[in-house]
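Single-structure report; data block below.
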Amino acid sequence: MELIITEKDNAARRIADILSGGTYDSSRENGVNVYEWGGKRCVGLSGHVVGVDFPSEYSDWRDVEPVELIDASIEKTATKENIVATLRILSRKATRVTIATDYDREGELIGKEAYDIVREVDEEVPIHRVRFSSITENEVQDAFDEPDELDFDLAAAGEARQIIDLVWGAALTRFLSLSAGQLGNDFISVGRVQSPTLKLMVDREREIEAFDPEDYWELVADVAKGEEAFEAQYFYRDEDGNEAERVWEEAVAEDVFETLSQRDTATVVDVNRRTRTDSPPAPFNTTQFIRAASALGYSAKRAMSIAEDLYTAGYITYPRTDNTVYPDDLDPEELLDDFVGHPTLGESAESLLEADEIEPTEGDEETTDHPPIHPTGEIPSRGDVSDDEWEVFELVVRRFYATVAEAAIWEHLKVVAEVAAHRLKANGKRLDKAGYHDVYPYFSTTENYVPDVSEGEEITITDVELEDKQTQPPRRYGQSRLIETMEDMGIGTKSTRHETIQKLYDRGYIESDPPRPTKLAMAVVEAAENYADRVVSEDMTAQLEQDMDAIASGEAGLEDVTDESREMLAEIFANLADSRDEIGDHLRKSLKDDKRLGPCPECGEDLLVRRSRHGSYFIGCDGYPDCENTLPLPSTGKPLILDEECADHGLNEVKMLAGRQTFVHGCPLCKAEDAGEGPVLGDCPECGDEHGGELAVKTLQSGSRLVGCTRYPDCEYSLPLPRRGEIEVTEEYCGEHDLPELVIHSGDEPWELGCPICNYQEFQARESESGSDLESLDGVGAKTVEKLAAAGIESLDDLTDADPDSIAEDVDGVSADRIRNWQASA
DNA sequence: GCAAGGTC
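The numbers in the UniProt record's numbering rise by one with no breaks, and the one at position 394 of the first sequence is 394.
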């Protein structure tokens with residue numbers, strides 16, 4: 001039996017399809033798909049199935065000095081055990097093994113990992129390697145007709161990278177984390193890719209902080225030729241003879257303004273026409289795809305996740321690629337044909353097919369692993385995909401269209417007019433031939449109208465404006481701009497760049513969007529710059545790439561490269577040893593700066609955003625345990641401290657980040673005063689004895705109410721209350737729980753809720769017995785019960801007491817009349 | 001509970 005191993009399941013299935021002529025059978029082994037036909041089996045890995053790590057005696061961060069990791073041994077362990085197990089089983093029955101992982105360096109390493117697993121089982125079985133640039137009939141057949149050998153040097157180059165990344169990353173990460181006492185989830189990470197990426201943002205933030213704005217003035221005139229109005233801008237020649245619009249002295253600007261304002265006309269002194277060819281864009285690689293999707297409002301992560309889904313469903317090609325040159329076997333006309341007749345995408349395809357010759361554009365990068373991202377020809381129906389998925393699919397289709405479309409032609413018209421000794425200019429542009437813009441409507445094609453004038457002609461000046469402006473600090477990098485810059489710097493890969501940015505968010509290094517570095521990030525980059533400059537510089541990757549090339553070509557061995565790298569790291573640690581406390585102090589201080597809201601009104605220490613044991617956020621005093629002041633935060637989202645300060649309390653305002661439900665919470669102290677806690681009912685059954693917690697009626701930000709412990713968030717005991725109606729605390733006490741009975745006043749009849757604990761227990765009992773008594777109503781099922789519960793209607797009692805019109809407003813698809821019927825039957 | 005790189 002021949003065993004064929006690919007990098008992913010998708011590739012395994014397509015190769016099986018090609019080699020078997022569509023006659024393969026599929027089965028599952030340990031949850032892994034195996035494709036089988038005529039004495040062959042094909043199985044897909046899931047990328048790397050083994051990973052590098054230190055032996056377990058190094059796993060306790062506190063017991064091991066980080067410096068020891070430099071010379072620690074490194075093990076390979078299975079990370080996808082079911083796949084490794086399946087591979088072992090299949091290897092036993094194999095008389096021949098063919099490795100068909102992706103045609104790139106990482107693919108060679110993944111192939112080598114599979115090779116090692118096969119070799120553990122069978123030392124003899126012949127193992128070959130096939131390479132193809134795209135999974136098409138011709139390429140795959142050719143590759144299998146003449147199998148090659150695994151390139152062990154190339155795989156070793158990949159292994160060297162793994163080792164260097166692990167040793168540097170782990171040793172420095174542990175050093176910083178230990179120095180600041182940040183263990184557990186909040187460790188402080190460093191790495192060859194993440195740290196230079198972070199430094200990009202930190203450097204930009206430093207520029208912004210150091211920026212000193214400068215005043216300047218610009219002059220804009222409304223001018224006209226007869227009835228045709230247009231805009232012209234004042235300019236002059238600077239010392240270098242370049243055109244300049246910004247006037248740096250107010251007196252000069254006002255002088256020009258005076259002169260222009262006094263004149264009614266200007267004389268055209270120069271008219272310049274030129275045509276410009278606007279070439280269609282190159283095919284999509286991952287980075288350019290992310291950039292285009294981000295212009296549509298998708299984050300890098302979201303764009304990739306949608307592309308991934310579209311790929312898995314078979315609508316577009318593999319979304320992780322550097323390639324910007326279509327492979328020879330892509331026939332653009334054939335692919336366009338697939339879209340002919342489609343209600344929304346067909347027209348463009350049909351128009352493109354009318355061209356005499358179709359010659360796709362090419363980018364600079366041609367690689368061997370995957371084609372540029374393009375549609376497969378399989379088209380989802382509108383109902384098969386979400387709106388977002390369709391929008392992204394259409395983008396990919398239209399980008400493909402653009403790459404086979406004609407160039408656009410722009411007409412530029414520049415007019416210069418003179419007023420006294422001053423000059424005004426107007427730049428007009430007109431889209432003469434739309435070309436690819438017709439099929440790719442994502443770029444701006446805004447025209448700027450300037451009428452046809454000729455030299456010597458007089459134009460009228462209808463208005464002049466003097467605008468006072470200030471130079472602006474450089475702008476923060478947006479996510480897609482960051483990914484492009486990473487690509488330019490040669491750090492990260494097509495598959496990891498967007499994940500690296502996500503990682504920086506997760507580590508608390510950046511927040512908000514466009515991302516902005518935290519104080520912690522500034523301190524980490526600073527520490528790295530001072531002691532381990534290499535790890536925040538793209539040079540480390542550049543050097544590593546060179547070393548990997550040397551290993552791949554046989555000029556250097558894996559040990560040569562990793563030994564040298566370890567020596568460099570050892571030197572860094574020699575310098576770090578004495579500064580551990582100093583670095584730790586700085587990191588700790590920065591961590592606190594990121595959480596600080598302002599002074600505690602009770603003791604004057606700092607109020608900080610904190611996290612309870614249960615993971616919820618609240619505000620606590622830095623003076624704890626001497627000061628026990630706390631303020632609540634909403635339970636949805638992650639708090640972001642804004643720059644805005646509350647005028648009353650001097651506290652920074654807080655925004656709760658929760659995706660689409662993100663909202664500004666404002667000053668937490670103002671909020672707490674507004675919402676306030678209602679009457680105290682009695683001791684908290686959970687913590688009253690031990691900590692003196694009390695139960696009180698509380699109103700949350702959302703408007704919903706509950707009986708909760710005053711020691712929240714340390715104690716999270718709570719009982720639900722109905723949303724509507726006024727709550728009366730009676731003098732009657734529950735004998736069992738020693739709490740006052742409650743009455744809810746809404747509608748005509750007051751509702752005697754009784755002791756809140758008893759009430760809740762009864763409710764739970766009813767729930768567990770029969771789901772809900774609401775289900776006894778005509779035509780009410782589990783779904784409606786859920787909807788009603790969300791509106792605070794949890795039982796027949798709730799329903800009879802409620803106002804039909806207001807429920808109908810809250811509950812989708814339930815009319816007030818229907819509720820009245822239910823009330824009658826209940 | 002470290003990195004970066006595959007993959008989902």
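Glycine included, C-beta positions come from ideal geometry on N, C-alpha and C.
Span of the beta strand (DSSP E) around residue i
i           : result
Y216        : 215-225
N530        : Run containing N530: none in the beta strand (DSSP E); it sits in the alpha helix (DSSP H), 519-531.
P375        : No beta strand (DSSP E) contains P375, which DSSP labels as neither H nor E.
A232        : 228-237
residue 836 : Nothing in the structure corresponds to residue 836, since the chain is present only between 1 and 826.
T460        : 458-470
R206        : First-last for R206: 194-210, but that is the alpha helix (DSSP H), not the beta strand (DSSP E).
L544        : Segment 539-552 is the alpha helix (DSSP H) holding L544; no beta strand (DSSP E) there.
Backbone secondary structure at residue i - three-state DSSP
i    : result
S746 : coil
T496 : coil
G771 : Its pLDDT being 48, under 50, G771 is placed unreliably in this model, and the coordinates cannot settle the point.
G781 : Because G781 carries a pLDDT of 49, less than 50, the predicted location of this residue cannot be relied on, and the following value inherits that uncertainty. Coil.
P740 : strand
L788 : Residue confidence is low: L788 scores 49 on pLDDT, short of 50, so the model does not pin down where it sits. Its coordinate-derived value is still stated next. L788: helix per DSSP, three-state reduction.
K592 : helix
D53  : strand
T23  : coil
G428 : strand
G659 : helix
P668 : helix
R14  : helix
R276 : strand
R475 : coil
T485 : helix
I491 : coil
W61  : coil
F618 : strand
P281 : coil
E728 : strand
I510 : strand
Whether residue i touches residue j by CB criterion (8 Å)
i    : j    : result
L742 : I757 : no
L166 : V325 : no
D102 : D369 : yes
A420 : E362 : no
Y216 : K425 : no
A407 : T275 : no
E149 : R129 : yes
A156 : V125 : no
L260 : H422 : yes
D594 : T493 : no
L154 : E113 : no
Proximity winner among the options, relative to residue i (alpha-carbon distances)
i    : options                : result
D71  : I164, R28, Y318        : I164
M522 : E57, T197, A266, R13   : T197
K589 : D142, V125, S179, Y733 : S179
S20  : D9, K40, S27, E571     : K40
L657 : S635, A355, T445       : S635
E487 : S718, R105, I208, I290 : I290
A570 : F175, S56, F144, D60   : F175
First through last residue of the alpha helix (DSSP H) which encompasses residue i
i    : result
I70  : It is not in any alpha helix (DSSP H) - I70 carries neither H nor E in the DSSP assignment.
N185 : N185 -> no alpha helix (DSSP H), and no H or E assigned at all.
M568 : 558-576
T259 : 250-262
A421 : From DSSP, A421 is part of no alpha helix (DSSP H); its letter is neither H nor E.
D606 : D606 -> not in any alpha helix (DSSP H); beta strand (DSSP E) instead, spanning 606-611.
Would you check if there are 3 or more beta carbon pairs closer than 8 Å linking the region 661-670 to the region 636-647? Yes: at least three Cβ pairs fall under 8 Å.
Does the pairing of the region 445-464 with the region 202-211 give three or more beta-carbon distances under 8 Å? No, the region 445-464 does not touch the region 202-211.
The region 3-10 touching the region 33-45, judged by at least three CB pairs closer than 8 Å: By the Cβ test, the region 3-10 is in contact with the region 33-45, since at least three Cβ pairs between them sit closer than 8 Å.
Decide yes or no for the touch test of the region 28-37 against the region 128-140: beta carbon pairs closer than 8 Å, at least 3 of them. At 8 Å Cβ cutoff, the stretches do not touch.
Does the region 360-373 come close enough to the region 390-407 to have 3 or more Cβ pairs within less than 8 Å? Touching, per the Cβ criterion.
The region 503-515 / the region 181-196 touching (three or more Cβ pairs under 8 Å): Result yes; three or more Cβ-Cβ pairs closer than 8 Å.
With three or more C-beta pairs closer than 8 Å as the rule, is the region 383-397 touching the region 352-360? Touching, no.
Take every Cβ of the region 206-223, pair it with every Cβ of the region 540-558, and state whether three or more of those distances are shorter than 8 Å. Between the region 206-223 and the region 540-558 there are fewer than three C-beta pairs closer than 8 Å, too few to call the two in contact.
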